[in-house]
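Asks: In numbering that gives the first Met the number 0, the protein residues as written are 0 to 459.
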Amino acid sequence: MSQNLLELVENYFSSDTVHQTSTALGESESSIGTALRSVIPLALAALFGRAQQPGGAAEVFGMARQAHSTGILGNLGDLLGGMSRGSTATADTDGALLNRGAELLRSVLGSHYTTAVEQVGQQAGVKSSSINSLLSMAVPVGLGLMGRHAAQNNLDEAGFGTYLNSQRGSIAGALSRLPGGLGNMLAGLGLGAAGTAASVGNAVTGAAHNVGNTMSAAAHNTQDAARGAGYVPERAATPSRWPWLLLAVLALAALWYFMRGCNREPDAVDTTTTEAPMDTTTRMAPATTATGRYDEATGNYIYDTGSTTEIKLSDGTVLNVGANSTEARLYNFLNDANMTVSDDKTQGWFSLDRVYFNTGKSTLTAESQAQLKNMAAILKAFPNAAIKFGGYTDNVGKADMNLTLSADRANAARKALMNNGIDAGRVAAEGYGQEHPIASNDTPEGRAQNRRVDVRVTKK
């Protein structure tokens with residue numbers, strides 16, 4: 000039996016998360032808690048509504064996988080912390096998911112969006128802007144939990160659709176309890192069959208009635224015309240009847256098309272064009288790497304970072320690192336005004352050369368912490384800079400598990416920078432699993448190189 004998605008999302012917004020949210024938005028905790036009881040089913044209903052639209056099921060499946068792979072469930076508190084400090088440097092991945100969630104809500108709810116926000120805000124006693132923020136948060140959380148369930152159960156798109164259908168009843172029930180009759184207004188989101196059928200029935204009845212009246216008038220006018228050009232009816236003369244006859248024909252055609260669309264099976268979605276689980280603009284070309292050797296004892300690839308050199312930062316900090324090390328490359332890129340961030344997001348990546356993890360885990364080694372501490376020091380010297388981590392694995396094991404592991408490792412690197420004083424909005428992280436290897440997976444040496452975290456400067 001599938002876990003109840005509605006309950007999972009509600010449980011995610013624990014008392015601690017509600018406290019952080021209320022602080023970030025400047026609202027009381029009780030009001031935020033009240034608002035979330037309406038916001039969560041509304042956000043999930045919008046996701047279900049999108050899944051009912053052409054191509055929507057594949058899009059929601061892809062967004063869910065992306066949300067899970069990026070670790071949004073673990074990053075949301077950090078993002079809220081940045082909001083409370085007035086940070087404008089939202090992390091690439093977190094911000095993209097939040098913005099995408101807001102766009103999806105508006106596209107699915109249409110004209111109902113503003114009404115929903117206002118009614119929920121009035122009922123909870125919070126600002127409309129706060130409801131907007133809560134909705135934008137709830138969508139990625141719902142997607143992340145969906146994606147986690149899909150990964151844990153190795154679901155494909157068809158299996159994901161079955162999982163969504165199993166959640167229909169609980170979400171429809173919660174939707175019916177929304178304030179101000181919002182549940183009835185939003186009954187056409189694919190959750191309430193009765194409400195949808197009633198809407199369609201009323202539309203068909205109204206269309207048929209209008210067409211009947213139009214056809215009756217058109218027939219009467221046609222009879223008058225047939226009596227001869229000199230015939231004058233008892234009622235006052237009217238303009239030419241032909242436009243009305245044309246309207247009648249068009250109305251009949253519209254009714255036929257409408258009825259045909261209601262009765263036919265939905266068009267099949269071409270999954271060959273909607274398969275990608277994440278924005279292809281963020282997929283990475285192989286990172287530029289240095290030479291090195293495979294260490295059989297540890298299973299790691301040891302990069303040759305060159306002779307030791309000094310990096311003197313503006314705050315007086317001196318770093319002793321290899322001339323070809325990650326720290327040296329990062330510093331040189333940020334310090335050279337002639338080097339700019341490429342608009343091509345697949346370019347500009349290089350591997351962290353001393354960041355390692357325990358086998359099958361996302362626990363950083365002591366040596367890894369040392370390099371990430373150096374990177375934090377460099378970023379402090381360039382306060383406008385922002386970066387993104389990308390996690391990778393070899394091809395041993397299941398692809399979905401590798402995707403999750405790569406995301407956890409990228410986010411572990413992100414956390415390390417934040418623990419060293421870097422604002423969450425300056426560091427993004429995403430997992431790419433076993434995609435884009437930089438070496439052959441046929442040898443231990445190649446697999447060691449593919450188990451990596453890459454970094455890219457996203458802003459100078």
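Don't be surprised by glycine CBs; every beta carbon is placed ideally from N, CA and C.
Mind the definition here: the region 121 to 130 touches the region 50 to 64 only if three or more C-beta pairs lie below 8 Å; say whether that holds.
Replies: No, the region 121 to 130 does not touch the region 50 to 64.
Asks: Name, in chain order, the residues that DSSP records as bridge partners for residue 292.
Replies: Answer by DSSP bridge pairing, in chain order: 301.
Asks: Please report the residue range of the alpha helix (DSSP H) in which residue 372 lies.
Replies: 365 to 380 is the extent of the alpha helix (DSSP H) around residue 372.
Asks: DSSP puts residue 388 in a beta bridge; with which residues?
Replies: DSSP, once it has assigned bridges, lists 428, 454 as partnering residue 388.
Asks: Please go through the same chain and pick out, in chain order, the residues whose beta-carbon is closer than 8 Å to the beta-carbon of residue 2, but skip the five residues on each side of it.
Replies: Contacts found: 148.
Asks: Taking residue 422 as the reference, which of 390, 458, 397, 385 has the closest Cα?
Replies: Here the closest residue by C-alpha is 385.
Asks: Once you ignore the five residues that flank residue 328 on each side, which residues in its own chain have a CB closer than 7 Å to its CB?
Replies: Here the set comprises 349.
Asks: Taking 8 Å as the threshold (C-beta atoms), are residue 4 and residue 144 in contact?
Replies: Their beta carbons are under 8 Å apart, which means residue 144 touches residue 4 by this criterion.
Asks: Roughly how far, in whole angstroms, is the beta-carbon of residue 406 from the beta-carbon of residue 390, given that I think they are within contact range, below 8 Å?
Replies: Yes, residue 406 and residue 390 are in contact; Cβ-Cβ is about 6 Å, under 8 Å.
Asks: Under the three-state reduction of DSSP, which class applies to residue 12: helix, strand or coil?
Replies: Coil.
Asks: Would you identify the three-state DSSP class for residue 307, choosing helix, strand or coil?
Replies: Three-state DSSP puts residue 307 in a strand.
Asks: Taking 8 Å as the threshold, find out whether the region 161 to 177 comes into contact with the region 31 to 48 through three or more Cβ pairs.
Replies: Touching, yes.
Asks: Assuming contact is defined by CB atoms lying nearer than 8 Å, are residue 107 and residue 45 in contact in what I supplied?
Replies: Result yes, Cβ atoms of residue 107 and residue 45 sit closer than 8 Å.
Asks: Just list the residues that DSSP pairs residue 160 with in beta bridges.
Replies: Residue 160 is not bridged to any residue.
Asks: Who does residue 47 pair with in a DSSP beta bridge?
Replies: Answer by DSSP bridge pairing: none, since residue 47 is not bridged.
Asks: Cutting at 7 Å between CB atoms, please list the residues of its own chain near residue 28, excluding the five before and the five after it.
Replies: These residues qualify, in order along the chain: 17, 18, 21.
Asks: Which first and last residues belong to the alpha helix (DSSP H) in which residue 60 is found?
Replies: 55 to 68 is the extent of the alpha helix (DSSP H) around residue 60.
Asks: Please work out which residues of its chain come closer than 8 Å, Cβ to Cβ, to residue 317, disregarding the five sequence neighbours upstream and downstream, and give them in chain order.
Replies: So the list reads 309, 310, 311, once near-sequence residues are dropped.
Asks: Write down the C-beta distance between residue 416 and residue 371 rounded to the nearest angstrom, noting that I regard them as a contact closer than 8 Å.
Replies: Between residue 371 and residue 416 the Cβ distance is about 6 Å, and since that is below 8 Å, they are a contact.
Asks: Mind reading off the beta-carbon distance from residue 413 to residue 426? Whole number of angstroms is fine, and I expect it under 8 Å.
Replies: That belief holds up - the Cβ atoms of residue 413 and residue 426 are roughly 5 Å apart, short of 8 Å.
Asks: Please report how far the alpha carbon of residue 433 lies from the alpha carbon of residue 458, in whole angstroms.
Replies: So the alpha carbons of these two residues sit roughly 27 Å apart.
Asks: May I ask you to report which of helix, strand or coil DSSP gives residue 103?
Replies: Residue state, collapsed to three classes: helix.
Asks: Would you call the CB atoms of residue 305 and residue 323 closer than 8 Å?
Replies: Yes, the Cβ-Cβ distance between residue 305 and residue 323 is below 8 Å.
Asks: Counting only the same chain and skipping the five closest in sequence on each side, list residues whose C-beta sits under 7 Å from that of residue 440.
Replies: Answer for residue 440: 393, 394, 446, 449, listed in chain order.
Asks: As a quick exercise: from 115, 166, 297, pick the residue whose alpha carbon is nearest that of residue 141.
Replies: Taking only the C-alpha atoms, the option nearest residue 141 is 166.
Asks: How many Å lie between residue 361 and residue 124 at the Cα?
Replies: Taking the straight line joining both Cα atoms gives about 42 Å.
Asks: Name the two residues that bound the continuous alpha helix (DSSP H) containing residue 143.
Replies: 127 to 151 is the span of the alpha helix (DSSP H), which, as asked, contains residue 143.
Asks: Buried or exposed, going by whether 16 or more other CB atoms sit within 10 Å of the CB of residue 110?
Replies: So residue 110 ends up on the exposed side.
Asks: Name the DSSP bridge partner or partners of residue 319?
Replies: Its beta-bridge partners are 309.
Asks: For residue 429 and residue 403, what's the separation of their Cα atoms in angstroms?
Replies: Between residue 429 and residue 403, the C-alpha separation is close to 10 Å.
Asks: Using only the alpha-carbon positions, how far apart do residue 31 and residue 114 sit?
Replies: Approximately 18 Å between the Cα atoms of the pair.
Asks: In this structure, does DSSP put residue 110 in helix, strand or coil?
Replies: Three-state DSSP puts residue 110 in coil, outside helix and strand.
Asks: So, for residue 72: in the same chain, excluding its five sequence neighbours on each side, which residues have a beta-carbon less than 6 Å away from its beta-carbon?
Replies: Counting only Cβ-Cβ distances below 6 Å, and skipping sequence neighbours, we find 143.
Asks: Excluding the 5 residues flanking residue 178 on each side, which residues of the same chain have their C-beta closer than 7 Å to its C-beta?
Replies: Here the set comprises 37, 118, 119, 122.
Asks: Which residues in the same chain as residue 59 place their Cβ atom closer than 7 Å to its Cβ, once the five residues preceding and following it in sequence are excluded?
Replies: 46, 49, 50.
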